[in-house]
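S.K.:
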Amino acid sequence: MAQAFADIDTELAEGRMWRARELLAARVLTSDFDPDLFRRYGAVLHAMGDQDEAGRFYMLAGESSGTEGL
Numbered sequence: 153m154a155q156a157f158a159d160i161d162t163e164l165a166e167g168r169m170w171r172a173r174e175l176l177a178a179r180v181l182t183s184d185f186d187p188d189l190f191r192r193y194g195a196v197l198h199a200m201g202d203q204d205e206a207g208r209f210y211m212l213a214g215e216s217s218g219t220e221g222l
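Residue numbers (our numbering): 153 to 222.
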């Protein structure tokens, strides 16, 4: 699974949050239900300050703790 997110991890390591967000958003549109993908996308959205949208993706990932999206 780590290989599947290698390009996203590279973008995050280089500090290119917007690019990581774009890559994750594209995968969300083209993938089946993937809690790990939703969790990663939620984490990027949260780091970028989009708490409401992060909360939605954390919820899809099955995360029920925290205040995002409430």
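The beta-carbon is built from N, C-alpha and C at its ideal position, and this holds for glycine as well. Note that the structure is a prediction, hence the values are computed from the model and not measured.
Which class does Met-211 belong to by DSSP, given the choice of helix, strand or coil?
M.R.: Here Met-211 sits in helix by DSSP.
S.K.: Would Arg-191 and Glu-215 qualify as a contact pair, given that the criterion is a beta-carbon distance under 8 Å?
M.R.: The answer is yes: Cβ separation under 8 Å.
S.K.: What's the C-alpha gap between Gly-164 and Pro-187?
M.R.: Note on identity: in this sequence residue 164 is Leu, with Gly being the wrong assignment. Their Cα atoms are separated by approximately 19 Å.
S.K.: According to the neighbour-count rule (16 or more other Cβ atoms, all chains shown, within 10 Å of its Cβ), is Leu-181 buried or exposed?
M.R.: The residue is exposed, with fewer than 16 neighbouring Cβ atoms inside 10 Å.
S.K.: Nearest by alpha-carbon distance to Phe-209: which of Ala-195, Ile-160, Ala-199 is it?
M.R.: Nearest of Ala-195, Ile-160, Ala-199 to Phe-209, Cα basis: Ala-195.
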